[in-house]
Amino acid sequence: MSSIQTVGVIGAGTMGNGIAQACAVSGIRVIMVDVAQAAVDKGLATVAGSLDRLIKKEKLTEEAKAKALSLIQGSTNYDDLKGAQLVIEAATENES
């Protein structure tokens with residue numbers, strides 16, 4: 031079995047950006063897809079903020095943060111998931 035190089039995450043909400051962060055900190059490339067660019071941007075900003083908190087707690091270095099952020103690609107195009115070996119659905123449910 032081959033190792034996972036790229037993980038796709040559908041949904042940039044709380045669960046999706048948490049999964050993206052965990053994968054990226056572990057050195058895995060992530061493609062985080064959501065239906066709206068604003069959601070993607072918010073998800074990426076949330077990851078950056080979370081990594082900043084880890085730096086303040088001395089659990090992560092600035093270099094590790096930069097590497098993790100470089101491994102996360104945000105997108106609104108589901109076709110970008112084509113190269114992923116694993117895709118995780120973490121889309122926000124809208125019950126309205």
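In the working numbering, each residue's number is its place in the sequence shown (first place is 1) plus 30. Beta carbons: idealized from backbone N, C-alpha and C, even for Gly. Keep in mind that this is a model prediction, so the values were computed, not measured.
How far does the beta strand (DSSP E) with residue i in it reach, from first residue to last?
i	result
Gly-41	Neither: Gly-41 is in no beta strand (DSSP E) and is coded neither H nor E.
Are the Cβ atoms of residue i and residue j separated by less than 7 Å?
i	j	result
Gly-104	Leu-74	yes
Gly-38	Leu-99	no
Glu-123	Ile-40	no
Thr-36	Gly-113	yes
Starting from the Cα of residue i, find the closest Cα among the options and give me that residue.
i	options	result
Leu-90	Val-55, Thr-36 and Gly-43	Val-55
Leu-81	Cys-53, Thr-122 and Ala-114	Cys-53
Lys-95	Glu-88, Lys-87 and Ala-78	Ala-78
Gln-67	Thr-76, Thr-36, Val-117 and Thr-106	Thr-106
Gln-76	Ser-33, Gln-51 and Val-117	The sequence shown places Thr at residue 76, rather than the Gln named in the question. Answer by Cα proximity: Gln-51.
Gln-115	Val-60, Gly-48 and Glu-93	Val-60
Gly-57	Leu-101, Ala-69, Tyr-108 and Glu-88	Leu-101
Exercise for the section: For the region 58–126, list the beta strand (DSSP E) runs that are entirely contained and at least 3 residues long, ordered along the chain. Expected result: 59–63, 102–105 and 116–119
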